[in-house]
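To keep things clear, I will list the structure first and then write my remarks on it.
In the numbering used here, the protein residues as written are 136 to 1213.
Quick look at the structure:
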């Protein structure tokens, strides 16, 4: 015993020294780490972890102890030779997906996937107190899930698959940049996994002491493995340690859920006292496992105590429809039925909001879109779009739900959360995050990765009943069944309470208590339940097509039965435990499995006809009420009425956009496009595709900015489909959209190609296109740096452009074309030194954007301010530029303009950097901070393809680098900017870039060469401001020899120009007396 104790103390001291060494190397103290590692080797010769510490790389990662999991398929090479490659890829792909999902669910991270071998780490990037247990739990679940996959592969492909899982813990080098780990421990994890039996999991002797209390382990004899000198010890994991508590009979037919019920009751008591710290209870498991029964128990608890219970129910038909569970809840609480008129819907919603003591004026415009009430019903829509509108609506939903509890304790039941859309998941997450001790949230859902790890919840993964527990449930349902009958049910139900419930009912319906011919599969007894009477099948078929939950009136319309006939059948189905009431005139299939079997009753042709009838009936509701367009579209799709499905998906996209859910709207338009593949080729089909793609491209541009690659894919496809007939408005709209996209990317060559194509329209009766084309050529000339040509084109085009009255039909962009033209006239006037002319154009712009609606007005104002900020910066008016930049950011935030928010941040950073650059004395640390921030933002702009005007920011970065004494890096920055200018044709800032590059040279001849090149370029471009700056630099460099060039530059500037450079130049040209010898 003394020897064992001494050995334990020795191991502990070694571990402590290693932990200190790891901490030292991670804080950069390699000297201390080396000393500690050498102390370990002094008492433990050959310690692998200490040797790894001494050889650790000096940078780029960290040394740490991690729990490592390695898994691969048994005999995968042999498997690949027995089946075709596509089948092999399918099996391995399913296996990898399962492992990735399971590891993620347990808080691990898969850092390497090589063929069928997957390497996961626990403890990085997020560490937990029980990473060892998490890894073993993940391994057990991987083993179970791959076994199921093996059964499927055996049935479908005739091959068996199994997995081996190994878990080890040790010191590794973590390469955070490359997301990889190195060291002996990583190799050992792979070797340990090779010792696992097929379908099994083993842990190394380093892991076993840490998890022995949580799992049942069996020790195995040490073995030698490849690449490891000493034999290694390992343990086979048999499973989790069994619970010592005895399971009782529970409440009524709720069996083996004592722990869950006790937690539920305790949580509700604490909620009543306002002391509930973890507000969420999650009941998770496969269909029929008893989740809904526990949710019903929660409702009984709350309602019996006088509390408020809200129910959010997910639907597989609406998993991509925003806030559908919230819509259902709102309609139920407001008393809104499918056929309620729009005005009545709004009135009922207003009454419900007022009853919750909420601000109806603010809340109505935000909640009305959630339940499909259009503004035409009598409210003013919110002046926001996209992400901003979505945020406002989500906030209103959250406020309403909390308002239902009136500062008292309450319950929210969220059922079938695996089918919740992302927005409703966010709502649920906000409720959990805002819980103040009085709110209990009970969540049910099937197995899967739908549960966010960050939610404050207690998770109960419900398991099937044991044979003993199943017997208790069978006896509770029908105590008259014989032991033989109970045994038959146990053998066929697999411990699923719902299966037991159905099979018990099947036995009870027989006169002699016996039911012969019931197969092992559950579908046939369920099928028998569905056929409760001779009249039931047509009703069940229609109800199943409508959905798991269905409206009685809609059911009567679809199955073409009288109300009395339908009521009789529903009574029979309720008695047969097939359906249950879900509101005044609403019913639902008691379980999803019943619904799935019912859907298979109707032959394909009948089912298609029923889907069409459902969609038609949904559209024949009250005029003015928005139906659930996503549901309508899905029914038309199933009916194979693809033209109608396309139309419904487009309507669904419109409704989603009204709620600010741009991503959801794009999804619906993508679904519309899939319907087009089922249509016959021809002009009508192509026209439909163009219409859908124009809408989807517009939404992509609105969400991601005009540079969106997704938008250009759609627009270019429209171009392919449109041919060359410029009589076609869709073609012209596509070309205009592409032109704006190319402008944003500064792809001026493609802009010119589009404009030349549009010129053909002038020959086909599109004379009103001329000012649009001319103004656009003027913008091209501005960006090219051809300022004289730009001034002429813009001046010539402006009168006719302002008078054009057909622009709206073709302009699928949020920026106003007249504003764009005027802003570039202001820019050209400024560069040519005409400050009054620039100010006059900006004043015209301000007046115009103020009269434009949303979103064109605010969007165009943001663009105008963007250009004006550049002008103010170049004019030395940094205070004005700072105010304007802050305004751009604020407006972008207010209206949900994500791209303008990025531009605004970039410009604010630029102004701050230039302000620091002009400070006396210079603060190098402040300059460095500004440079780092600005570099990151400019890189984001470049990666996003927002190239227009980008070279100006490169010039500012170069100035910062020069001030920090890094001329070579400044030159590299400027060379990159000039390279971008050459690639795009955007030369508007080239003269200034060349002038700045001259200041990076130490050789006077190189300085002079760049300055002369800049002077010549500015003169050719008509860039009088840049020309004057270069001439000043040459004069300061050369003195008298450059006096003529400076005088010429001054003479070309307007005499009334207030540019500070002009004042400097005039002062430099004024004769002064020199001191003797000077």
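Glycine included, every Cβ here is placed at the ideal spot set by N, Cα and C.
Residue i, enclosing beta strand (DSSP E) - first and last residue
{"i": "residue 317", "result": "315-317"}
{"i": "residue 253", "result": "252-257"}
{"i": "residue 594", "result": "592-596"}
{"i": "residue 718", "result": "That residue, residue 718, is in no beta strand (DSSP E); it is neither H nor E in DSSP."}
{"i": "residue 685", "result": "684-686"}
{"i": "residue 459", "result": "Note, residue 459: premise wrong, no beta strand (DSSP E); alpha helix (DSSP H) at 459-469."}
{"i": "residue 1068", "result": "Per DSSP, residue 1068 belongs to no beta strand (DSSP E); it is in the alpha helix (DSSP H), 1059-1078."}
{"i": "residue 1222", "result": "No information on residue 1222 is available, as it lies outside the stretch 136 to 1213 that the chain covers here."}
{"i": "residue 445", "result": "443-448"}
{"i": "residue 337", "result": "336-339"}
{"i": "residue 244", "result": "244-249"}
Euclidean distance between Cα positions of residue i and residue j
{"i": "residue 990", "j": "residue 520", "result": "8 Å"}
{"i": "residue 173", "j": "residue 1119", "result": "59 Å"}
{"i": "residue 383", "j": "residue 562", "result": "Because residue 383 sits at a pLDDT of 26, beneath the cut-off of 50, its placement in the model cannot be relied upon, and the point is left open."}
{"i": "residue 455", "j": "residue 570", "result": "27 Å"}
{"i": "residue 406", "j": "residue 544", "result": "6 Å"}
{"i": "residue 268", "j": "residue 414", "result": "25 Å"}
{"i": "residue 792", "j": "residue 785", "result": "11 Å"}
{"i": "residue 603", "j": "residue 615", "result": "17 Å"}
{"i": "residue 1189", "j": "residue 1050", "result": "28 Å"}
{"i": "residue 275", "j": "residue 320", "result": "21 Å"}
{"i": "residue 1011", "j": "residue 242", "result": "53 Å"}
{"i": "residue 716", "j": "residue 236", "result": "36 Å"}
{"i": "residue 956", "j": "residue 1079", "result": "24 Å"}
{"i": "residue 333", "j": "residue 619", "result": "36 Å"}
{"i": "residue 682", "j": "residue 730", "result": "8 Å"}
{"i": "residue 869", "j": "residue 836", "result": "13 Å"}
{"i": "residue 1028", "j": "residue 745", "result": "47 Å"}
{"i": "residue 1180", "j": "residue 310", "result": "58 Å"}
{"i": "residue 346", "j": "residue 323", "result": "18 Å"}
{"i": "residue 574", "j": "residue 1059", "result": "53 Å"}
{"i": "residue 446", "j": "residue 936", "result": "56 Å"}
Inter-residue CB distance, residue i and residue j (contact presumed, cutoff 8 Å)
{"i": "residue 421", "j": "residue 582", "result": "6 Å"}
{"i": "residue 326", "j": "residue 362", "result": "7 Å"}
{"i": "residue 247", "j": "residue 254", "result": "4 Å"}
{"i": "residue 1004", "j": "residue 983", "result": "With a Cβ gap of about 19 Å, residue 1004 and residue 983 do not count as contacting."}
{"i": "residue 185", "j": "residue 175", "result": "4 Å"}
{"i": "residue 388", "j": "residue 567", "result": "The pair is not a contact, with the Cβ atoms about 30 Å apart (cut-off 8 Å)."}
{"i": "residue 540", "j": "residue 443", "result": "5 Å"}
{"i": "residue 1016", "j": "residue 1046", "result": "5 Å"}
Start and end residues, alpha helix (DSSP H) containing residue i
{"i": "residue 1219", "result": "Residue 1219 cannot be examined here, being either before or after the span of the chain that is shown, 136 to 1213."}
{"i": "residue 277", "result": "266-292"}
{"i": "residue 776", "result": "From DSSP, residue 776 is part of no alpha helix (DSSP H); its letter is neither H nor E."}
{"i": "residue 855", "result": "844-857"}
{"i": "residue 698", "result": "698-710"}
{"i": "residue 1004", "result": "991-1009"}
{"i": "residue 927", "result": "922-938"}
{"i": "residue 1040", "result": "1033-1052"}
{"i": "residue 1139", "result": "1139-1156"}
Proximity test, Cβ basis, 8 Å: residue i and chain B
{"i": "residue 288", "result": "Looking at the structure shown, chain B is missing, and only one protein chain is on hand."}
Quick check: the stretch 1103-1115 against the stretch 1147-1163, are at least 3 beta-carbon pairs closer than 8 Å?
Touching, no.
In the stretch 485-573, which residue ranges form an unbroken beta strand (DSSP E) of at least 3 residues, counting only runs that do not cross its ends?
Those beta strand (DSSP E) runs which fall completely within the stretch 485-573 and span 3+ residues are 545-550.
4-residue-minimum alpha helix (DSSP H) runs that sit fully inside the stretch 351-434, ordered along the chain
As far as the stretch 351-434 is concerned, its whole alpha helix (DSSP H) runs of at least 4 residues are 393-408.
Take every Cβ of the stretch 621-637, pair it with every Cβ of the stretch 593-613, and state whether three or more of those distances are shorter than 8 Å.
Yes, the stretch 621-637 touches the stretch 593-613.
If you pair each beta-carbon of the stretch 718-737 with each one of the stretch 673-693, do three or more pairs fall below 8 Å?
Yes, since at least three Cβ pairs between the stretch 718-737 and the stretch 673-693 fall closer than 8 Å, the two stretches touch.
Inspect the CB distances between the stretch 912-925 and the stretch 478-496 and report whether three or more fall short of 8 Å.
The way I'd put it, the stretch 912-925 doesn't touch the stretch 478-496; fewer than three beta-carbon pairs between them come closer than 8 Å.
Using 8 Å as the threshold, is the stretch 431-438 in touch with the stretch 392-399, meaning 3 or more CB pairs across them?
Contact between the stretch 431-438 and the stretch 392-399 is present, because at least three Cβ pairs lie under 8 Å.
Could you tell me whether the stretch 770-789 touches the stretch 702-715, using the rule of 3 or more Cβ pairs below 8 Å?
Contact fails: fewer than three Cβ-Cβ distances are below 8 Å.
Within the chosen definition, does the stretch 292-302 reach the stretch 199-208 through at least 3 CB pairs nearer than 8 Å?
Touching, yes, given that three or more Cβ pairs across the two stretches are closer than 8 Å.
Is it the case that the stretch 283-294 contacts the stretch 347-367, given that we only count it when at least three CB pairs across the two stretches are under 8 Å?
Touching, no.
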